[in-house]
Structures are given as structure tokens and as C-alpha cells.
Amino acid sequence: MTSIIQFADVHFGLEDQSAMAALAATVETLKPDVTVICGDITQNGKVSEFEAARDWIRSLSGPKIITPGNHDTPMFGLFQRFFDPFGRFNRIIAPLSEPYFADQYVSITTLNTARGWQKKADWSVGVVDLEDLDTAVQQLMSTSPATVKMIAVHHPLIYPPVSPLQKETQRGQEALASLSAQNIDAVLSGHVHVPFVLERQPNLTEVMSIGAGTLSTRRREKPASFNHIVVDDERIIVTEVFWKDGQFSTSEPWAKDVSELKSRKFPNSL
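One point on numbering: in the working numbering, the residue at position 170 of the sequence shown is 176, and numbering is uninterrupted.
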């Protein structure tokens with residue numbers, strides 16, 4: 007069995023300190039095999055925010071997989087934002103991340119969907135570089151075919167109906183088609199600040215997506231939360247864990263047979 011803690015959107019500078027302290031204690035208790043952090047580690051991409059994030063992430067036991075988000079570029083340093091948008095992330099946070107994680111049950115790698123700037127008014131929108139995607143996929147393909155293969159991003163490749171944000175990740179649908187064709191099983195994401203599980207659906211998405219909520223005070227209708235994902239030979243189970251009234255409480259777990267997930271069939275199809 008593989009135990010995964012997934013969270014995103016800590017937004018150091020506007021972090022929920024009580025929820026974060028409780029999560030650190032939970033990680034110490036659960037001792038997950040890997041912790042996946044899906045971006046927006048800082049609020050404004052400041053060195054001080056990255057350094058505070060580094061110290062906290064270091065306190066979490068076990069290996070980590072970390073990908074940046076759009077808030078992890080310098081908000082106020084425009085020169086760096088244009089010419090070295092992820093310099094601070096790469097210098098301060100990236101050394102804490104494994105390049106990928108693989109064991110008997112899962113394999114996980116990352117894809118950066120954030121950009122420092124874009125030729126559009128909204129720089130926060132996600133973008134998929136298809137060459138980077140291919141590199142990530144090849145890394146996953148080098149692991150055992152039996153593992154549940156996951157790719158961690160910041161932006162959902164397709165936004166779920168439950169999201170209060172409804173935008174379009176550039177080349178997101180192309181990416182999902184490519185991932186499906188190469189038997190990648192799940193996308194782990196953040197950005198929208200609400201947790202979700204989006205199953206494969208005709209005319210919507212060809213790959214299952216698992217979204218984490220936020221551990222910041224920048225909430226959208228939902229309390230601070232993280233996901234606990236468990237994978238074994240038979241099942242993948244996703245439990246949303248919410249911080250409410252000074253304690254964590256869990257949602258009804260979502261579960262699916264690994265064989266069904268890997269069959270590439272849509273739910274309820276013959």
C-alpha cells in the first residue's frame with residue numbers, strides 16, 4: 007500500500023497557520039510514503055515567503071514531490087518575473103523535491119503549468135508545454151506498467167464543474183488526450199482552492215483528475231483542506247480532509263478499482 011498526502015495553495019504570506027501546524031502533525035502520525043505539493047506555495051513570490059515555506063516543508067517527514075504555481079513567480083519584481091520567473095522557487099524550494107517518485111503501487115512526476123507572463127491579460131491561466139509533457143510522460147513510462155501513474159501540476163488540465171473558477175488551461179485538452187493515449191492514470195492539481203475528484207467522462211476528460219483544496223486563508227466556499235490518497239493492488243481511495251472548528255474531519259472516501267481505472271473505459275460503460 008502507498009499512502010500519499012496531496013495539498014496545494016498554501017500561499018505563504020496568507021497561510022492558515024493553525025491548519026498547517028495540524029497538517030504537519032498529521033504527516034508525522036500518518037507517515038505517508040510521499041507528499042505531493044501542487045503549487046502556489048507563496049502568495050507573492052517573495053524571498054521571505056519562500057524561506058518560510060522551505061523551513062515548514064523541511065519539517066514534513068518523508069519524500070516530497072513539488073511543482074510551482076502562478077503565485078510562485080515574483081509579483082513585484084517585473085524583471086525577474088519576465089526573465090527568471092522561477093529562479094527563487096528553483097533556488098529555495100526545488101532542492102526539497104524528488105525529481106519523481108516510484109514504488110510498487112504508484113509512480114508520480116511533475117509538469118510546470120505556471121508562467122511568469124503570457125501574451126494575454128490574465129497571467130494566472132495555466133499553460134501546457136507539450137514537449138515538457140512528453141518528457142514527464144517518458145519518465146512515468148520508464149516505471150512498471152502495473153503502477154498507478156500520476157502527474158502533478160498546479161492548474162487543472164480541465165476545470166471541474168464544482169470549481170468557482172472556470173477558465174481554460176492552454177493545451178489542457180491536448181494534454182489529457184496525450185496522457186490517456188499513453189496510459190497515464192491520474193492528474194493531481196491545485197489552483198481552484200476546492201477539492202475534487204473528476205472521473206473520466208465522455209466529451210469531458212479522458213484522464214481522472216484529483217484536485218486539492220487550499221491551506222491558506224484565501225478560501226473559496228470550502229474550509230482549508232488536503233487529500234489523503236491510498237493506492238494498493240486493488241483500489242485507489244481518495245479522502246478529503248477538512249480543517250473545521252479547530253480539528254480535521256474527513257469526507258466520505260471516493261474509491262475505484264485499479265483494474266477499472268487502468269481499463270481506459272468510462273464509468274458505467276460496457
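Built from N, CA and C at the ideal position, the CB exists for glycine as well.
Computed from a predicted model, the values in this text were never measured in an experiment.
Is residue i helix, strand or coil by DSSP?
i	result
Met81	coil
Lys262	strand
Leu276	At Leu276, the pLDDT of 43 sits below 50, so the modelled position is not reliable; the number obtained from the coordinates is stated separately. Of the three classes helix, strand and coil, the one that applies to Leu276 here is coil, per DSSP.
Phe18	strand
Thr119	coil
Leu194	strand
Met147	helix
Gln179	helix
Ser113	strand
Val131	coil
Ile47	coil
Val154	strand
Thr8	strand
Gln86	helix
His160	coil
Ser184	helix
Phe107	strand
Thr141	helix
Phe92	coil
Leu102	helix
Following the continuous beta strand (DSSP E) through residue i, name the residue where it begins and the one where it ends.
i	result
Phe202	Phe202 to Leu204
Val42	Val40 to Cys44
Trp249	Arg241 to Lys250
Ser257	From DSSP, Ser257 is part of no beta strand (DSSP E); its letter is neither H nor E.
Val236	Ser231 to Val237
Ser215	Met214 to Gly217
Ile63	Note, Ile63: premise wrong, no beta strand (DSSP E); alpha helix (DSSP H) at Val53 to Ser65.
Lys70	Lys70 to Thr73
Would you check if the distance between the CB atom of residue i and the CB atom of residue j is smaller than 8 Å?
i	j	result
His197	His234	no
Leu66	Ala100	no
Gly132	Asp78	no
Val200	Met156	no
Ser2	Glu205	Nothing about residue 2 can be reported from this structure: the residues present for the chain run from 7 to 276 only.
Ala25	Trp249	yes
Ala108	Thr153	yes
Val134	Gly178	yes
Ala120	Pro80	no
Ala59	Phe18	yes
Asp191	Lys268	yes
Ile71	Ala158	yes
Leu117	Leu139	yes
Ile243	Val264	no
Pro170	Glu240	no
Ala167	Ser215	Looking at the sequence itself, residue 167 is Pro, so the reference to Ala does not match. It is not a contact, given that the beta carbons lie outside the stated cut-off.
Identify which residue in the options has its Cα closest to the Cα of residue i.
i	options	result
Gly217	Pro162, Ile190, Arg177 and Glu266	Pro162
Pro232	Gly83, Lys126, Thr175 and Val203	It should be noted that the sequence gives Phe, not Pro, for residue 232. Per the Cα distances, Val203.
Glu57	Trp123, Ser269 and Leu102	Leu102
Val247	Pro38, Thr223 and Gly219	Gly219
Phe82	Leu139, Arg224, Trp123 and Arg64	Trp123
Gln23	Ser255, Pro229 and Leu221	Leu221
Pro252	Met7, Ala27, Glu266 and Asp15	Rather than Pro, the amino acid found at residue 252 in this sequence is Gly. Comparing Cα-Cα distances from Gly252 to each of Met7, Ala27, Glu266 and Asp15, the minimum goes to Ala27.
Ser130	Gln145, Thr175 and Val264	Thr175
Thr141	Ser150, Pro105 and Ser9	Pro105
Thr223	Thr32, Thr35, Ser9 and Glu21	Glu21
Ala188	Val143, Ser195, Gln207 and Ser150	For the sequence presented, residue 188 should be read as Gln rather than Ala. For Gln188, the nearest C-alpha among the options comes from Val143.
Thr48	Leu146, Ile10, Ser265 and Trp62	Trp62
Asp15	Arg94, Asn76, Val193 and Phe95	Asn76
Ser148	Thr115, Ser195 and Arg97	Thr115
Measuring only between beta-carbons, confirm whether residue i sits less than 8 Å from chain B.
i	result
Gly219	The structure shown contains no chain B; it is built from a single protein chain.
With respect to the alpha helix (DSSP H) encompassing residue i, which residues constitute its N-terminal and C-terminal limits?
i	result
Ser169	No alpha helix (DSSP H) contains Ser169, which DSSP labels as neither H nor E.
Met26	Gln23 to Leu36
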